[in-house]
Structures are given as C-alpha cells and as structure tokens.
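Reminder that position 154 of the sequence shown reads as 1130 in the numbering used here, one-by-one numbering, no gaps. We put the CB at the ideal spot given by N, CA and C, even for glycine. The model shown is predicted, which means the values in this text are computed figures rather than measured ones. Have a look at the structure below before the remarks.
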Amino acid sequence: MNNIVRAAFDIETVSPDVPEDKYPDFTDSHDFELSGAGIAYEYEDGSRETVVEWRNGWGPRAELDLIQTLLDRLEPAGTVITYNGERFDLTHLEGRARIAGEVVGERAHESVQTYLDRTEHIDLQPEAWDAYGEYTSLEETLEQVGIEPIETLPSEFDCRIPRDEWTKNPSEPVTSKDLAILGEIYLEAVDGNRNDVSTTALEEMLTHYAQADVELLFELADARPFKQNSSVARN
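Next comes the structure, spelled out in structure tokens:
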C-alpha cells in the first residue's frame, strides 16, 4: 500500500450572518460556515494528489456531512500542513462542528478534537510572519521563497454570475475575499435556488482556486527555514 506521508489542508468559508458592511470576527466560529476544503496528499513514493470537497447546500446537516467527509479524508494522515491553520482552518473545523452539532443534537466536535489531538500539525504562517512581517499572505510567502502562486482567472470559467452581485474584473485573479461571495452563490445554486448561474462552471472555478490554495503547501514547507528574499522584499 502506498501510504500517505503528509497532508496539506485549507478550508473555504462563507459568512452569511455577517452584514456586508461588517468584518467577521476571525476568532469566532459563529461568524463563519464551512463551504468546502482542499486536501492534498503526499505518498511514500513521492507522488501527490489533491481532492476538493464542497458542501451540498445550506443547513447544519449539510455542514456536518462536509466536516465528516473531511475527517474521513484526513484520517490516514498523521501530519497536516496548513497556512494559518492554528488560528483559522483547524480552529473553525472544530468550532463549526460544535455549533452545527448543537443545532442537530450531536456532539460532532468530539471526533474532530480526537483527530486533532493525535495529529501533528505544521502551521507555516508563524514562521512566514517571523521572516517577512505580520499579515504576510500565503501568496506573498510563496513569492518570497521563489514559488509562483497559481492564479484562478474568472475569464476562464463561464459562471454567468450577475455583475451586480460580483463586480470582479474577469482578468484579475480570484482572492479569498471573493470566495466568501462565490461560496454563498454556489450554495444557493446547489440548493436549487439559483438558475441564473452555471453551477458546474462555478464549482470548477471554486475547485481550481481551492486546489491552488493547498497544493503548493508541500513546496512551501520544504522551503523552510524562510529567509528574506531581497528581490521581492516588502516595503
């Protein structure tokens, strides 16, 4: 059997209960819901694979089903790599399991906590911030170590999202801020409440972004220790 040596993990979220003119509290799982996640695997023979899972509509049951799927996907990996997972990805994986579980009467967070307690977690963000300054993004860190980020361009996907809902320039790359908007549109479409967008094309664009977000984490982890690269130094 070709065993998994390590996994890389990154969640995608929406904030449906946060007003548009307010910022979510990034420490409070009530301000976020999971919409999906990317998981990359590295196997003993050096091969790699990336999978992306999306939530199948709104509601706590759908969110718990996604969380369980992610746990099943992560279960074989004893080491998980993230960028800001300590304060975001793993924190809200457990937090959302707790909140959604309370709604449906399940202690879903316990299985998440059990997995986290026995898993080695490597969060690359603290080392990146030590080297390049606070609030250095994943994309900026990749550039600092000479890894070219993978861009997701809206122009390559015929999603047909109305311009009054998403004003993104099609030639500009999708960002994490866009995912909060796109995730809500996607969940509405999956629930059958939208027929004005291409659900297939939207899922393809979201999946491309999620893969790009997670699959370079192995290269970034292997580029440590991080050192200042004068050619791309930040102001």
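For this session: Give the C-beta separation of LEU1192 and ILE1098 to the nearest angstrom, bearing in mind that I take them to be a contact with Cβ-Cβ under 8 Å.
Result: Here the question's residue 1192 lines up with position 216 in the sequence shown. Here the question's residue 1098 lines up with position 122 in the sequence shown. Not a contact, Cβ separation roughly 14 Å.
For this session: Take every Cβ of the segment 1067-1083, pair it with every Cβ of the segment 1014-1029, and state whether three or more of those distances are shorter than 8 Å.
Result: no
For this session: Pull up the CB-CB distance for TRP1034 and ASP1167, whole angstroms please, since I reckon it's below 8 Å.
Result: Your numbering for residue 1034 matches position 58 in the sequence shown. Your numbering for residue 1167 matches position 191 in the sequence shown. Going by Cβ atoms, the distance from TRP1034 to ASP1167 rounds to 6 Å, so yes, they are a contact pair.
Problem set entry | Short Cβ contact (8 Å threshold) for ILE1043 with PHE1194 | Translated into the one-based positions of the sequence shown, residue 1043 becomes position 67. Translated into the one-based positions of the sequence shown, residue 1194 becomes position 218. No, Cβ-Cβ distance for ILE1043 and PHE1194 is not below 8 Å.
Exercise. With LEU1178 and LEU1158 assumed to form a contact (beta carbons below 8 Å), what rounded beta-carbon distance in angstroms separates them?
Worked result: Translated into positions along the sequence shown, residue 1178 becomes position 202. Translated into positions along the sequence shown, residue 1158 becomes position 182. Indeed they touch by this definition, with Cβ atoms about 7 Å apart.
Exercise. Looking only at C-alpha atoms, which of GLN1101, ASN1032 and SER1152 sits nearest to TYR1185?
Worked result: Against the sequence shown, residue 1185 aligns to sequence position 209. Ranking GLN1101, ASN1032 and SER1152 by Cα distance to TYR1185 puts SER1152 first.
Exercise. Does the separation of the CB atoms of SER1087 and LEU1047 fall below 8 Å?
Worked result: The residue given as residue 1087 occupies position 111 in the sequence shown. The residue given as residue 1047 occupies position 71 in the sequence shown. For SER1087 and LEU1047, yes; Cβs fall inside 8 Å.
Problem set entry | Residue from HIS1085, THR1176 and GLU996 with nearest C-alpha to PHE1133 | What you label residue 1133 is simply residue 157 of the sequence shown in a count that begins at 1. Nearest of HIS1085, THR1176 and GLU996 to PHE1133, Cα basis: THR1176.
For this session: Ignore the nearest five residues each way along the sequence and tell me which others in ASP1001's own chain have a CB closer than 7 Å to its CB.
Result: Along the sequence shown, read from residue 1 onward, the residue named residue 1001 stands at position 25. Around ASP1001: ASP1007.
Exercise. Using CA coordinates, which residue listed in ARG1136, GLN1120, VAL1121 and ALA983 is at the minimum distance from ARG1170?
Worked result: The count along the sequence shown starts at 1 and reaches residue 1170 at position 194. When only C-alpha atoms are compared, the closest one is ARG1136.
For this session: Look at TYR1091 and LEU1050 and say whether their C-beta atoms are less than 8 Å apart.
Result: Taking the sequence shown and counting its residues from 1, the one referred to as residue 1091 is at position 115. Taking the sequence shown and counting its residues from 1, the one referred to as residue 1050 is at position 74. Yes, Cβ-Cβ distance for TYR1091 and LEU1050 is below 8 Å.
Exercise. Roughly how far, in whole angstroms, is the beta-carbon of SER1011 from the beta-carbon of GLU988, given that I think they are within contact range, below 8 Å?
Worked result: As a working mapping, residue 1011 is identified with position 35 in the sequence shown. As a working mapping, residue 988 is identified with position 12 in the sequence shown. Between GLU988 and SER1011 the Cβ distance is about 5 Å, and since that is below 8 Å, they are a contact.
Exercise. Looking only at C-alpha atoms, which of ASN978, THR1003, ALA984 and ASN979 sits nearest to ASP1198?
Worked result: In the sequence shown, the residue the question calls residue 1198 occupies position 222. When each option's Cα is compared against that of ASP1198, the closest is ALA984.
For this session: Could you please give me the residues that DSSP links to LEU1010 through a beta bridge?
Result: The sequence position of residue 1010 within the sequence shown is 34, counting from 1. THR989.
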